Every structure is written in C-alpha cells, then in structure tokens.
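Trainee:
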DNA sequence: ATTTATTATCGAATCGTTTCGATTATTCTT
DNA sequence: AAGAATAATCGAAACGATTCGATAATAAAT
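Here is the structure:
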C-alpha cells in the first residue's frame with residue numbers, strides 16, 4: 022500500500038536509519054543528506070506510519086480525554102470547550118486526542134475507557150467529576166494524569182482550576198459596593214470542588230465585608246447534591262425567600278442555576294435587579310442574551326484545556342516532577358441582572 | 022514492561038499463534054485450550070497492545086471525528102452531543118474515537134487532522150460544515166467517510182440528516198391550525214444543507230396551505246450567510262417587521278436565532294405569542310427555560326451520532342456498498358412562545 | 001482399514017518503524 | 001602529522017502482535 026521509510030531510503034540512496042534520524046531530528050545528519058532526504062520525503066508526501074512508530078518507540082503520541090457523558094452534552098458546552106482547548110494544544114505537540122466518556126454510574130470495569138486497556142495513550146486528561154473509584158483505578162495504572170476542574174483531596178495530581186474564590190470575591194465586592202448586603206447563595210452538586218470553593222469564597226468574603234452573620238446563617242443558602250440544573254435555582258430562591266424575605270441579592274454557583282432563579286423571580290413579579298440582584302458563574306453564552314442579561318464570572322474554558330494539555334505534556338516528558346496546580350484567572354462581567362445603580 | 026502475548030503463550034504452554042486465535046475468536050481452537058488460555062489471560066489481566074495489532078493487521082481500530090472548532094464550542098452543545106453518540110456507539114465495536122477540530126478558515130494543509138496524515142484511523146465522521154476543499158482532500162484519500170448534518174451536492178457519501186422538511190411542515194401546520202397565516206422565516210448560514218432544507222420545507226408547506234404568496238415574497242424572509250448567532254434573530258425580525266408589520270408568526274431556523282428574535286420583540290413590547298408567535302428548531306436546553314419558553318423541533322442529536330457510527334462501521338467492513346442517506350425523525354415541541362389558543 | 005475431510009496447533013515471516021552499537025569520515029589539538 | 005574528539009552513516013536487533021502455510025491429530029466416509 023503506502024510508501025514506507027524503506028522506499029524513501031532507497032530512493033534517497035541512504036540507509037533507513039538515516040531517514041529515521043532526519044524525521045525525528047535526532048542525532049547527526051549532514052546538511053547535504055538532510056536536504057536530499059527531506060526532498061524525497063516531500064516529493065513522495067511520505068508520513069511515517071504511527072502504529073509502527075508507536076510499536077518501535079513505545080510511545081503512542083496520543084493523549085486520552087475523559088469526561089462524563091453528562092458533562093460533555095451539557096448545554097453550556099463548558100467541558101466541550103475544555104476539550105477544544107486540549108485538542109488545540111495537543112496539535113502543537115503533534116499529539117492525537119482520544120475521547121472517552123464515562124457514565125456517572127460507578128460501573129467498573131465497563132466504564133473503563135478502551136484506550137486505557139490497550140495502552141493506547143501516553144497520558145490522560147480528566148475534565149470534571151468522574152466516579153471516584155474510576156479515578157482510583159486510573160491512579161493505580163500509574164499513567165500521567167491531569168485533572169481539569171476536579172480533584173480528590175487525598176490524591177496527588179497535576180490540576181487545573183479556575184480561580185473560584187477570587188471570582189466570588191469580585192462578585193461580593195461588586196454587590197456590596199452598590200449597597201447590597203443581604204446576599205444569599207445557591208448551588209447544586211455541592212460535592213464538586215469548584216462549587217465548594219465558590220461557597221467558601223462567599224463565606225470568606227462576606228466575613229471580610231462584615232457580613233459574616235448573614236453568610237453564616239443556613240437559611241440564606243441553598244446547597245444540594247443534585248447535578249446542575251435550572252431547577253436548583255428555582256427551588257433555591259424559593260427556599261431562601263421563605264425565611265429571608267428581605268433578600269437583596271443572590272449569588273448562584275453557575276449560570277444555569279441563575280437562569281432558573283431569574284425565571285422564578287420573574288414569575289413572582291420581582292424586578293431584577295431593583296428588588297433582587299442575581300449573578301451567576303461561568304459566563305455562558307446565554308448569560309449575554311437572557312432577559313435580563315445575566316451578570317456572571319467569565320471562565321476561560323478553552324485556556325483551561327490548553328493549560329491542562331501543557332501540564333500533561335510536561336508530565337509525560339518529565340514524570341518525576343513535583344505536582345502542580347494551575348489556577349486560571351477569572352473576571353466578573355457585570356450585566357443588567359445586578360447593575361442597581363447607574 | 023507490560024505482559025505480552027509471548028508470556029501468555031509460554032505460561033499457557035501453547036504457541037503464540039494459538040493465543041492470537043483465542044483473542045480474535047478466529048480459526049479453530051479446542052474448547053479445552055481455549056479455556057486454558059482464557060484463564061491465563063484473565064489471571065494476568067492481559068490486553069494486546071493496540072499498536073502491535075495495528076501494525077500487524079493493518080487496521081487501526083480507530084475512527085476519526087472531525088468538526089469545526091466553532092461547532093464544537095457552540096453553546097447548544099449540538100455537535101458535542103453528536104460526538105457523544107458516536108463515542109457511545111464506537112464503544113460497542115471496541116473502537117477508539119480520535120477527535121480533531123478544524124478552523125473555519127480554508128488553510129490546507131495546516132488544517133488537515135493529524136490522524137489522517139499518520140493513517141491513524143480506519144474511517145472518519147464529519148459533523149457539520151467544514152471547509153469545502155478539506156472535504157475534497159479527504160475524499161481524495163479514499164478513506165471511509167460518513168457525514169452528519171452536512172453534505173456537498175456533487176460528492177457521494179454516506180450521510181445522516183435530521184428530517185428538516187418534515188419538522189418545518191409540522192411547525193407550519195401547528196401555526197396555521199391556530200389561524201396564523203402571515204408566517205415569516207429567519208435563518209443564518211443559509212448555505213448549510215440543513216438550513217436550506219428548512220427553508221425549502223417552509224416554502225413547500227406554505228404553498229400546500231395556500232400561503233404560497235406570502236412565503237414567496239422576499240420581504241418575509243431574512244436569510245444571511247453569517248454563522249448562527251442570536252444577532253441574526255434580532256436583525257431578522259426587525260427587517261421583516263419593517264416591510265410586513267402585520268406579521269403573525271416567525272419561524273427561526275434554529276433556537277439560538279429564535280432567542281435573539283424573542284429578545285428584540287420583547288424590547289419592542291410585543292406580546293408573545295399573542296402578537297407574534299415564535300418557533301425555533303433544534304430544541305436546545307434553553308428553549309425549555311427561556312422566557313417565554315420556546316416552541317421548537319426536537320432533534321435527537323445523540324442518535325444522529327449513533328447512526329453515523331453505525332454507517333461508518335458498515336462501510337469500513339463493506340467498502341463497496343451503495344451510499345446511504347439516513348434521516349432521523351424529528352418532532353415539534355409546542356411551548357409558550359407559539360401557543361396562541363388554549 | 002484406508003482414504004478424505006475436518007479440527008487443532010504451531011513455526012516463521014511480516015508489518016514499518018526506532019535505536020543501539022559499530023564503523024568510517026572529518027575536524028580539532030598539540 | 002599523529003592521535004583524539006566529533007560528526008556522519010549504516011546494519012541489525014528489537015517492538016508485539018497477525019496470518020499464512022505446514023503439519024499433526026481426530027473424525028467421517030467409503
């Protein structure tokens with residue numbers, strides 16, 4: 022079928038190994054032969070066969086990307102964008118990206134990505150939460166791993182996170198600077214590390230602004246275990262308002278939740294933001310076109326993927342490095358839903 | 022490093038080739054030896070190394086998934102869901118999925134997915150539009166290809182589409198059954214085959230309902246080349262209303278466009294659906310939670326991916342089969358934005 | 001009971017690279 | 001100018017599977 026390195030060598034009148042050296046850029050090859058060989062390669066449009074390279078070099082040139090099926094099909098395209106970032110960066114290293122989704126259920130071994138069994142990848146990136154025992158399984162394989170927007174307290178890994186605490190801090194600051202003080206908090210999937218950090222950020226910052234009493238009162242939060250959905254916002258705001266009718270603002274742990282919140286408030290004829298200000302987190306596409314437009318914290322998803330890929334490449338070439346956590350900066354985007362003063 | 026087929030053979034006391042036969046399920050192996058070998062394989066948790074299999078068998082066990090970067094990061098997760106479907110189905114065949122995005126720009130050869138150059142995949146799936154010359158390039162490689170939600174008139178391929186015409190037909194029927202007759206149409210990226218079919222569906226059905234005159238008048242459509250965005254809806258409805266103030270309903274070629282349309286109408290204090298009914302297409306997540314909730318046509322995205330993967334597997338094992346077009350059914354979901362009568 | 005067909009097992013070639021060590025050619029030291 | 005260091009090239013052994021053909025064992029046919 023295809024043209025092989027052997028053909029190239031014969032045509033160029035050199036040995037196979039010299040051609041290989043030219044391709045990989047390793048070792049010593051004289052300018053003259055290098056050019057000669059390169060010309061033949063170009064002329065015949067030759068590319069080495071990956072599987073042969075893989076077998077001989079014991080490197081696959083592939084990385085695996087694992088995320089849950091639910092995450093991948095999320096409407097906000099949050100993890101899709103992270104995947105995109107990974108793909109973009111992997112390309113710079115001439116790596117392929119293999120995708121595998123896993124169910125939320127904890128069904129090992131059916132859940133185990135095929136590329137792990139066949140030793141098809143040099144390293145993997147895990148985006149978002151996956152079943153804990155699967156993470157342990159992967160950990161035990163001793164393959165380079167980078168986690169994006171996820172982590173387990175008792176497991177050491179390279180990790181990429183967004184700056185959740187600082188994002189919330191900016192929000193609280195923005196709200197209080199407008200004189201709002203009774204600020205509630207709503208979140209789903211509270212076991213997720215990002216959500217946890219956002220809640221902690223809320224508590225810490227409120228404390229700093231002298232609003233610790235309000236922030237500590239349980240009636241002013243709504244935290245549940247469910248997967249992110251707009252229902253959480255709907256239920257959440259209802260629950261808080263029941264006990265705290267004088268609420269002035271509410272921070273939702275993400276935009277989808279905020280959307281549900283918005284909807285419920287409108288149904289009850291609250292004016293937003295005059296009666297209650299609402300802010301989300303993530304800065305979805307829909308934040309910018311919802312009615313009213315939603316203030317949020319912009320998270321650079323693609324960059325998170327890029328950073329993750331870089332970290333992974335680093336770890337693959339340098340397996341004994343100390344583990345790193347990389348935190349990408351975020352920024353509040355103020356829109357109609359929280360702009361009280363003009 | 023890892024355990025090899027040689028080790029298994031030695032431990033089981035058989036030849037390498039017999040072990041291979043057990044793994045692949047081909048040829049003749051007695052019950053007794055089969056069990057014996059299988060036991061060793063299980064005990065040692067052995068998996069054949071893919072790259073070695075690939076090299077020896079000249080099959081990769083991989084499929085490539087190509088989509089544009091813009092499509093993948095789309096907020097509606099339309100193509101992410103198709104990807105998910107492909108992944109789910111590929112798993113049933115024990116195939117890996119390699120992902121590559123391509124820029125919208127037409128920069129061959131930088132745009133060429135790496136897995137094509139290294140002959141890393143047995144076939145590829147292309148979801149959504151990609152630069153035309155890239156499609157020609159792929160066509161020339163003569164590798165099995167399936168297109169999902171895309172096609173080129175003068176290029177033969179296996180194709181998966183949604184039933185755009187019938188979806189629109191259902192919409193028009195739904196609207197006219199409520200007495201609405203002056204129904205406009207708004208779409209972006211009008212060169213996309215799905216959008217084209219939706220527009221054709223609009224024209225044909227309107228004709229069937231005796232509303233051909235209205236549907237044929239250019240002032241009642243807004244068709245532009247831009248990529249899908251909510252701005253198209255905003256501009257579109259403004260444009261149509263200028264020439265046709267008595268508009269009763271508008272069909273948007275997708276939900277995102279409809280969102281922009283909704284927003285503009287609300288800004289102008291139109292009541293929806295009493296003054297103007299709005300429907301979208303695709304049935305996004307946000308269609309169900311927007312204000313008002315948006316009527317739309319549900320498209321089973323994951324199933325489209327599944328169908329695509331099936332078609333591709335079929336073509337890989339059977340390269341000379343006649344080309345197929347598979348059309349998945351769609352269904353109107355009526356919500357607040359178009360429910361005039363109660 | 002011999003021939004023929006079927007089932008079972010194996011040895012060896014093969015797939016297309018990388019890489020190690022050997023060999024030769026060139027350049028640098030003193 | 002001889003020996004040492006460096007640069008250039010090559011041959012051959014891996015890498016870990018598949019697969020073809022040969023051979024041996026068993027079953028079926030006459």
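Chains as they are written, first to last, in the numbering used here: chain A, 22 to 363; chain B, 22 to 363.
Note that the Cβ used here is the ideal one computed from N, Cα and C, for glycine as well.
This structure is a prediction, so every number in the text was calculated from the model and none was measured.
Tell me, please, whether the CB atom of residue 140 (chain A) is closer than 7 Å to any CB atom in chain B?
Mentor: What you label residue 140 (chain A) is simply residue 119 of the first chain in a count that begins at 1. By this cut-off, residue 140 (chain A) is an interface position.
Trainee: Around the C-beta of residue 229 (chain B), are 16 or more other C-beta atoms found within 10 angstroms, so that it is buried, or is it exposed?
Mentor: Numbered from 1 along the second chain, position 208 holds the residue referred to as residue 229 (chain B). Label assigned to residue 229 (chain B): exposed.
Trainee: Below 8 Å CB to CB, which residues in the same chain sit around residue 187 (chain B) once its five sequence neighbours on both sides are set aside?
Mentor: Position 166 of the second chain, counted from the start, is the residue given in the question as residue 187 (chain B). Closer than 8 Å at the Cβ level, and outside the excluded window around residue 187 (chain B), lie 222, 350 and 351.
Trainee: Is residue 101 (chain B) helix, strand or coil when you go by DSSP?
Mentor: Taking the first residue of the second chain as 1, we reach residue 101 (chain B) at position 80. Reduced to three states, the DSSP call for residue 101 (chain B) is helix.
Trainee: Decide if residue 281 (chain B) is buried, meaning its Cβ has at least 16 other Cβ atoms within 10 Å, or exposed.
Mentor: For this step, residue 281 (chain B) is matched to residue 260 along the second chain. Buried, by the Cβ-count rule.
Trainee: Just how far apart, CA to CA, sit residue 113 (chain B) and residue 345 (chain B)?
Mentor: Within the second chain, residue 113 (chain B) is the residue found at index 92, counting from 1. Within the second chain, residue 345 (chain B) is the residue found at index 324, counting from 1. Computed Cα separation, rounded: 21 Å.
Trainee: Using the C-alpha atoms, what's the distance from residue 184 (chain A) back to residue 285 (chain B)?
Mentor: Translated into the one-based positions of the second chain, residue 285 (chain B) becomes position 264. Translated into the one-based positions of the first chain, residue 184 (chain A) becomes position 163. Their Cα atoms are separated by approximately 35 Å.
Trainee: Following the continuous alpha helix (DSSP H) through residue 156 (chain A), name the residue where it begins and the one where it ends.
Mentor: As a first step, residue 156 (chain A) is located in the first chain; it is residue number 135 there, counting from the start. Residue 156 (chain A) -> alpha helix (DSSP H) spans 153-162.
Trainee: Give me the chain A residues within the contact set of residue 96 (chain B), using Cβ-Cβ distance strictly less than 8 Å, ordered along the chain.
Mentor: Sequence index remark: in the second chain, residue 96 (chain B) carries index 75 (1-based). The contacting residues are 96, 97, 98, 305, 306 and 307.
Trainee: Let me make sure I understand the geometry here. Which of B:167, B:214, B:237 and B:210 has the alpha-carbon closest to that of residue 248 (chain B)?
Mentor: Walking along the second chain from the start, residue 248 (chain B) turns up at place 227. Comparing Cα-Cα distances from residue 248 (chain B) to each of B:167, B:214, B:237 and B:210, the minimum goes to B:210.
Trainee: CB residue 116 (chain B) to CB residue 146 (chain B), shorter than 7 Å?
Mentor: As a first step, residue 116 (chain B) is located in the second chain; it is residue number 95 there, counting from the start. As a first step, residue 146 (chain B) is located in the second chain; it is residue number 125 there, counting from the start. No.
Trainee: Can you tell me which of A:224, A:329 and A:207 puts its alpha carbon nearest to the alpha carbon of residue 254 (chain A)?
Mentor: Counting from 1 along the first chain, the entry for residue 254 (chain A) is found at position 233. Residue 254 (chain A) has its Cα closest to that of A:207, out of A:224, A:329 and A:207.
Trainee: How far does the alpha helix (DSSP H) with residue 185 (chain B) in it extend, from its first residue to its last?
Mentor: Taking the second chain and counting its residues from 1, one reaches residue 185 (chain B) at position 164. First-last of the alpha helix (DSSP H) with residue 185 (chain B): 185-197.
Trainee: I'd like to know whether the C-beta of residue 70 (chain B) is nearer than 7 Å to at least one C-beta of chain A.
Mentor: For the purposes of this step, residue 70 (chain B) is identified with residue 49 of the second chain, where counting begins at 1. So yes, residue 70 (chain B) belongs to the interface.
Trainee: Determine the burial state of residue 239 (chain A): buried for a count of at least 16 other Cβ atoms within 10 Å of its Cβ, exposed for fewer.
Mentor: Mapped onto the first chain, residue 239 (chain A) falls at position 218. By the neighbour-count rule (16 or more Cβ atoms within 10 Å), residue 239 (chain A) is not buried but exposed.
Trainee: Please list the partners that residue 51 (chain B) has in chain A, where partner means a Cβ-to-Cβ separation under 8 Å.
Mentor: Translated into positions along the second chain, residue 51 (chain B) becomes position 30. Result: empty, since nearest Cβ-Cβ is about 27 Å, beyond 8 Å.
Trainee: Give a yes or no on contact between the region 259-274 of chain A and the region 197-207 of chain A, applying the rule of three or more CB pairs nearer than 8 Å.
Mentor: They touch, by the three-pair rule.
Trainee: Use the C-beta contact count for residue 165 (chain B): other C-beta atoms within 10 angstroms, 16 or more gives buried, fewer gives exposed.
Mentor: Within the second chain, residue 165 (chain B) is the residue found at index 144, counting from 1. Classification for residue 165 (chain B): buried.
Trainee: Can you pull the DSSP bridge partners for residue 352 (chain A)?
Mentor: Position 331 of the first chain holds residue 352 (chain A). Residue 352 (chain A) is bridged to A:319.
Trainee: Buried or exposed: where does residue 87 (chain B) fall if 16 or more other Cβ atoms within 10 Å of its Cβ makes it buried?
Mentor: Taking the first residue of the second chain as position 1, residue 87 (chain B) is located at position 66. Buried.
Trainee: May I ask you to report which of helix, strand or coil DSSP gives residue 144 (chain B)?
Mentor: The count along the second chain starts at 1 and reaches residue 144 (chain B) at position 123. In this structure, residue 144 (chain B) counts as strand in the three-state DSSP scheme.
Trainee: Would you check if there are 3 or more beta carbon pairs closer than 8 Å linking the region 159-176 of chain B to the region 327-335 of chain B?
Mentor: Counting Cβ pairs under 8 Å, three or more are found: they touch.
Trainee: Are the region 70-77 of chain B and the region 93-112 of chain B touching by the rule of at least three beta carbon pairs closer than 8 Å?
Mentor: At 8 Å Cβ cutoff, the stretches do not touch.
Trainee: Could you check the C-alpha separation between residue 200 (chain A) and residue 299 (chain B) for me, to the nearest Å?
Mentor: Along the first chain, read from residue 1 onward, the residue named residue 200 (chain A) stands at position 179. Along the second chain, read from residue 1 onward, the residue named residue 299 (chain B) stands at position 278. Taking the straight line joining both Cα atoms gives about 39 Å.
Trainee: Only counting the same chain, and skipping five residues up and downstream in sequence, which positions put a Cβ closer than 7 Å to that of residue 213 (chain A)?
Mentor: Locating residue 213 (chain A) in the first chain gives position 192, where the first residue counts as 1. So the qualifying residues of the chain are 150.
Trainee: Which of the three DSSP states, helix, strand or coil, is assigned to residue 277 (chain A)?
Mentor: Mapped onto the first chain, residue 277 (chain A) falls at position 256. Of the three classes helix, strand and coil, the one that applies to residue 277 (chain A) here is helix, per DSSP.
Trainee: Please name the residue, chosen from B:217, B:142, B:343 and B:102, that lies closest to residue 119 (chain B) on a Cα-to-Cα basis.
Mentor: For the purposes of this step, residue 119 (chain B) is taken as the residue at position 98 of the second chain. Selected option, being the one with the closest Cα: B:142.
Trainee: Does the CB of residue 357 (chain B) have a neighbour CB from chain A at under 7 Å?
Mentor: The count along the second chain starts at 1 and reaches residue 357 (chain B) at position 336. Not an interface residue.
Trainee: If you drop the 5 nearest sequence neighbours on each side, which residues of the same chain put their C-beta closer than 6 Å to that of residue 58 (chain B)?
Mentor: Locating residue 58 (chain B) in the second chain gives position 37, where the first residue counts as 1. Excluding sequence neighbours, residue 58 (chain B) sits near 33, 40 and 43.
Trainee: Rounded to the nearest angstrom, what separates residue 135 (chain A) and residue 121 (chain A) at their Cα positions?
Mentor: As a position in the first chain, residue 135 (chain A) is number 114, starting the count at 1. As a position in the first chain, residue 121 (chain A) is number 100, starting the count at 1. Those two C-alpha atoms are separated by around 8 Å.
Trainee: With the cut-off set at 7 Å, would you say residue 258 (chain B) and residue 192 (chain B) are in Cβ contact?
Mentor: As a first step, residue 258 (chain B) must be located in the second chain, where it is residue number 237. As a first step, residue 192 (chain B) must be located in the second chain, where it is residue number 171. For residue 258 (chain B) and residue 192 (chain B), no; Cβs fall outside 7 Å.
Trainee: Output needed in chain order: residues of the region 272-293 of chain B with a Cβ under 7 Å from some Cβ in chain A.
Mentor: The region 272-293 of chain B vs chain A, Cβ under 7 Å: 280, 281, 284 and 287.
Trainee: Would you say residue 93 (chain A) lies against chain B (beta-carbon separation less than 7 Å)?
Mentor: By 1-based counting over the first chain, the position of residue 93 (chain A) is 72. Yes, residue 93 (chain A) counts as interfacial toward chain B.
Trainee: Does chain B have any CB closer than 7 Å to the CB of residue 268 (chain A)?
Mentor: By 1-based counting over the first chain, the position of residue 268 (chain A) is 247. No - not a single Cβ of chain B is within 7 Å of the one on residue 268 (chain A).
Trainee: Go ahead and pull the three-state DSSP assignment for residue 206 (chain B).
Mentor: Within the second chain, the letter at position 185 stands for residue 206 (chain B). Reduced to three states, the DSSP call for residue 206 (chain B) is strand.
Trainee: Looking at residue 329 (chain A): is its Cβ nearer than 7 Å to the Cβ of residue 107 (chain A)?
Mentor: Translated into the one-based positions of the first chain, residue 329 (chain A) becomes position 308. Translated into the one-based positions of the first chain, residue 107 (chain A) becomes position 86. Yes, the pair counts as a contact, with Cβ atoms nearer than the cut-off.
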